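Protein chains: 2
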Amino acid sequence: MIPSSTSCSSSPLALAAPAASESRLSAPLQGFVDYSQTEQYAFAIWQKTVVAVYERFGFSPLHLRPLERLAALKGETENQKQMFGVYRTDGQIDTGLALPFDHTVPLALYIAEQAGYRKNCKLPYKRYDVGLSFRGERPQVGRFRAFVQADIDIVGPSLGLSADAECLCALIQALQELPIGEFRVSINHIDIVKGILSLVEIPEEFHAAILRSIDKLDKKSPEEVKEEILQIPDLPLTEAKVLELLHYFTREDLSSLSDSLFSTANPQALKGWQDLQTLLELLSIMGVDRSFFHIDLRMVRGLDYYTGMVFETFLQDKPQYGSIASGGRYSNLVGKFADNLSQVEGVGGSIGLTRLFELEGNKSLSQRITMADVLVGYRTVEQQQLAFSIATYLREHHYRVDVYSGKPNVKKIVTHADHLGVPFIVIVMDTSAIAVKNMYTPRETKQEPDVSSPEEVLEKLRSFSSIA
Amino acid sequence: MIPSSTSCSSSPLALAAPAASESRLSAPLQGFVDYSQTEQYAFAIWQKTVVAVYERFGFSPLHLRPLERLAALKGETENQKQMFGVYRTDGQIDTGLALPFDHTVPLALYIAEQAGYRKNCKLPYKRYDVGLSFRGERPQVGRFRAFVQADIDIVGPSLGLSADAECLCALIQALQELPIGEFRVSINHIDIVKGILSLVEIPEEFHAAILRSIDKLDKKSPEEVKEEILQIPDLPLTEAKVLELLHYFTREDLSSLSDSLFSTANPQALKGWQDLQTLLELLSIMGVDRSFFHIDLRMVRGLDYYTGMVFETFLQDKPQYGSIASGGRYSNLVGKFADNLSQVEGVGGSIGLTRLFELEGNKSLSQRITMADVLVGYRTVEQQQLAFSIATYLREHHYRVDVYSGKPNVKKIVTHADHLGVPFIVIVMDTSAIAVKNMYTPRETKQEPDVSSPEEVLEKLRSFSSIA
């Protein structure tokens, strides 16, 4: 039970949006996007773009339930994720449910249920999910509490490297089709990292601590990282050994490592290296230039979770804003929820769409705020029926058509078309005089002659399109 | 603060899914859909279908924030909607936010903020929203606690009847394009109802109580409803007057009412009647047959909320399951949240997509569970590169292509193609022998000759499509 004295009304509002001026009910909520019509349109086009690429790669939409058991999301280890739990306002009763902080655990639960318990799920399964994730944090500037992630995953037993290649390629092509700045993928492989740790003879129990330090090489100097490693309690390593370790992780030219590191003497590292080479070959066949990739052994984040290749993606001119798309290969997720699926692995990744739109969305903004291709209007209500005939005819011919629904007034219709940024406008002036205009051509051009039937309107619109 | 003793762990789980066998974390949650892969695919196609129709009518997507202030959702009158409130699991802190129970209040908040406060919103605005709504009820059989609604609305000042026509037509065409049983729209107009009440001289303070009784005419006999009305305390009506009232509401042939009711002596009823006639004319121009409509004066639900036409939609063979799509004209919504927008009205409607899928979704189920048109596989890893070349070439030619990512094995690939219900399959047997098959033609047909290049694969696939 949640004491009713603390729910709703004034104090939670102040908490959610602390600024005094924001007390109105419609005011922005900190941590939630607050898009204008222009941004709404641009963001919708982004989502459609990403979905089209994902489907081109054979991924299918999977809509998971929007709430999950808090116990499932927390996991055995009571992870530190801050979440939004959900209670029933009627009686203030906790439901034990929460809003998911990502799409990966809900995916695992879905596969566990459908494939593990009901044996009613075909694997490998390729799914995408462009939807919301939540962080139950206190409101703070610059942190999203709800954001759209565009996930893809392939889940199944014995997944080949082709699965990794498909996921990476789909993510990169989706990013390529968005109007964003240049980006590059940093890629690494758990087996190479483990190979190095084994070559330098670092006992397993120190791996996690050492990798946490290695992960800081993008922000700290090798000297600083060396000092940090040497301060790990009980670490049985000489300074020379630590230098040897850092030597591997800081080399820019990895191919020169091939002889020493990637040899049959170190089969795990060799396997990881070969896997990355195969992956890059497949990506090259799919038309992704090698220059999009940077093998970066220092990128060891999430290596406690991933079990094969792992990647992050950075905007070339904004690396400081962090990864815009990341993922990798994992093997232990579904088995946690269904004993009989321990052999099921997964590979996937996610574009942080809300975050990326915040950084690069301004490049997509235009005058346009409507999906309509054509706005149809009429001078007076007498022309309403003809206007609807025209709209219907154009819709039958695959145009997306808006009929102006304010008071009939030619000037207002033209102004509204400008506001919408709609490409074409059709105004019924009289039953035999229909004006058809291309809004994207300069207004100074001489008055276009009017037409007089839906068929002629269509013909004229098509003549615009063939010019454009 | 929410006492931590009651949150998460065991008891809420039992609450959410009471059956003992359902204690696993992945088990279905009562009130939430639980779609198999087949259902996922069919439901995704439904959503795409509805979105395509809405866009054809010039509606644009509007993604509202997923949480709103509970105070805004509750409204001044503390409405009786049961909602899901949201707290932060870290510290059990109530946020004052809740999951919306429909898309209408969030739309009003959006318009109030963007148009009212920021003056940064172009009206009229035509928006659609195919997304989730929530009911914070206790779990019970047959009741959804989260469901997808497919909303459209036109919001702006001085909206003409064209707005009502556009919304109704878009909703009907969306329903027509879904593979569901026959349906019919019951339509009414607040002005006709008010005109009747005024003709029978019923004082305003009794309107609500009387309409509540009238609303039961679809389930109770006129005699029973008459008795119910006569029992309204202090009602100054004779039995004869009540019979006169019921006479209007129970007439099947409305045109015969035209003389008495829809006359200049009763301008409000006349106006409502004329509006409905205009609306039906516009719909007829848009190709919607008059037989889809049934003017039903007894359909008075929501007339305290709507201010013009109002409609509900019933499956012809399942009327008892209630309305599958409803809506109407409203005028007082946005003004509640922004004083300067009291003149903004709206008209809209919504298809209860989850509910409708529950009733009629089985008509859409097929073998197919994938968006991919083609599954590409290879006999051994030696043919992997050629397979990827083919997949890439087909994607460039607008096919949606899945590359099989399990262990290479021809039999498994064919079985998987069967599982997916994918239309076409391409298997690289050898560098010069590529099998291309149409999965929808009978297997008995003689072995198709193999091809040997991506171009030939494309040509062969196109030959299948031209047959299909």
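Residue numbers (the numbering used here), protein chains in the order written: chain A, 1 to 468; chain B, 1001 to 1468.
Note that beta-carbon positions come from the ideal geometry of N, C-alpha and C, so glycine has one too.
What you are looking at is a predicted structure, and each value in this text was computed from that prediction instead of being measured.
Host beta strand (DSSP E) of residue i (start-end)
i: Val193 of chain A; result: Premise fails: Val193 of chain A lies in the alpha helix (DSSP H), 190 to 199, not in any beta strand (DSSP E).
i: Phe1134 of chain B; result: 1125 to 1134
i: Gly272 of chain A; result: It is not in any beta strand (DSSP E) - Gly272 of chain A instead sits in the alpha helix (DSSP H) that spans 267 to 285.
i: Pro1157 of chain B; result: 1146 to 1157
i: Asp1402 of chain B; result: 1401 to 1403
i: Phe293 of chain A; result: 293 to 295
Whether residue i touches residue j by CB criterion (9 Å)
i: Glu470 of chain A; j: Leu97 of chain A; result: Only positions 1 to 468 of chain A appear in the structure, and residue 470 of chain A is not among them; the question remains open.
i: Gly1421 of chain B; j: Ile1413 of chain B; result: no
i: Gln47 of chain A; j: Asp102 of chain A; result: no
i: Ala52 of chain A; j: Glu177 of chain A; result: yes
i: His63 of chain A; j: Ala1042 of chain B; result: no
i: Asp1430 of chain B; j: Arg1379 of chain B; result: yes
i: Leu1171 of chain B; j: Gly1302 of chain B; result: no
i: Arg1329 of chain B; j: Val1300 of chain B; result: no
i: Glu244 of chain A; j: Val200 of chain A; result: yes
i: Arg1065 of chain B; j: Asp164 of chain A; result: no
i: Leu359 of chain A; j: Ile390 of chain A; result: no
i: His416 of chain A; j: Tyr399 of chain A; result: no
i: Ile152 of chain A; j: Lys126 of chain A; result: yes
i: Leu270 of chain A; j: Gly195 of chain A; result: yes
i: Leu161 of chain A; j: Thr307 of chain A; result: no
i: His294 of chain A; j: Ile190 of chain A; result: no
Length of the line joining the Cα atoms of residue i and residue j
i: Gln1316 of chain B; j: Ser158 of chain A; result: 50 Å
i: Thr1038 of chain B; j: Ala146 of chain A; result: 29 Å
i: Phe144 of chain A; j: Gln30 of chain A; result: 8 Å
i: Tyr248 of chain A; j: Val1436 of chain B; result: 47 Å
i: Arg1298 of chain B; j: Asp129 of chain A; result: 43 Å
i: Arg212 of chain A; j: Ala1174 of chain B; result: 54 Å
i: Phe1339 of chain B; j: Ala1115 of chain B; result: Checking the sequence, you will find Asp at residue 1339 of chain B rather than Phe. For Asp1339 of chain B and Ala1115 of chain B, the distance between alpha carbons rounds to 11 Å.
i: Val1086 of chain B; j: Phe134 of chain A; result: 11 Å
i: Leu276 of chain A; j: Val155 of chain A; result: 20 Å
i: Leu1132 of chain B; j: Met1439 of chain B; result: 36 Å
i: Lys1336 of chain B; j: Ser1342 of chain B; result: 8 Å
i: Gln1231 of chain B; j: Val1225 of chain B; result: 10 Å
i: Ser21 of chain A; j: Arg1118 of chain B; result: In this predicted model, Ser21 of chain A has a pLDDT of only 46, less than 50, meaning its place in the structure is not dependable enough to derive any value.
i: Ile210 of chain A; j: Phe1424 of chain B; result: 50 Å
i: Glu1227 of chain B; j: Ala108 of chain A; result: 58 Å
i: Glu382 of chain A; j: Asn409 of chain A; result: 12 Å
i: Lys318 of chain A; j: Ser221 of chain A; result: 20 Å
i: Lys1363 of chain B; j: Glu1345 of chain B; result: 38 Å
i: Ser432 of chain A; j: Leu458 of chain A; result: 15 Å
i: Gly1272 of chain B; j: Val374 of chain A; result: 31 Å
i: Phe314 of chain A; j: Asp296 of chain A; result: 12 Å
i: Lys81 of chain A; j: Tyr1110 of chain B; result: 30 Å
i: Gly377 of chain A; j: Lys411 of chain A; result: 10 Å
i: Glu1456 of chain B; j: Glu455 of chain A; result: 40 Å
i: Phe1464 of chain B; j: Leu1394 of chain B; result: 14 Å
i: Ala208 of chain A; j: Val1050 of chain B; result: 50 Å
i: Gly1287 of chain B; j: Thr392 of chain A; result: 8 Å
Bridge partners - residue i, DSSP secondary structure assignment
i: Val428 of chain A; result: A:Tyr378, A:Ile434
i: Leu97 of chain A; result: A:Arg69, A:Val86
i: Val1457 of chain B; result: The partner list for Val1457 of chain B (beta bridge, DSSP) is empty, contrary to what the question assumes.
i: Ser1060 of chain B; result: B:Arg1127
i: Val451 of chain A; result: A:Ile434
Delimiting residues of the alpha helix (DSSP H) encompassing residue i
i: Thr313 of chain A; result: From DSSP, Thr313 of chain A is part of no alpha helix (DSSP H) but of the beta strand (DSSP E) over 309 to 315.
i: Glu1039 of chain B; result: 1037 to 1056
i: Ala417 of chain A; result: 410 to 420
i: Phe388 of chain A; result: 384 to 396
i: Ala108 of chain A; result: 104 to 111
**Item:** Sequence ranges, beta strand (DSSP E) only - wholly within the segment 303 to 370 of chain A, length at least 3
**Value:** Restricting attention to beta strand (DSSP E) runs no shorter than 3 residues, the segment 303 to 370 of chain A encloses them at 309 to 315, 325 to 330, 344 to 352, ordered along the chain.
**Item:** Segments of 4+ residues assigned as alpha helix (DSSP H) that fall wholly inside the segment 172 to 243 of chain A
**Value:** 190 to 199, 207 to 214, 222 to 230
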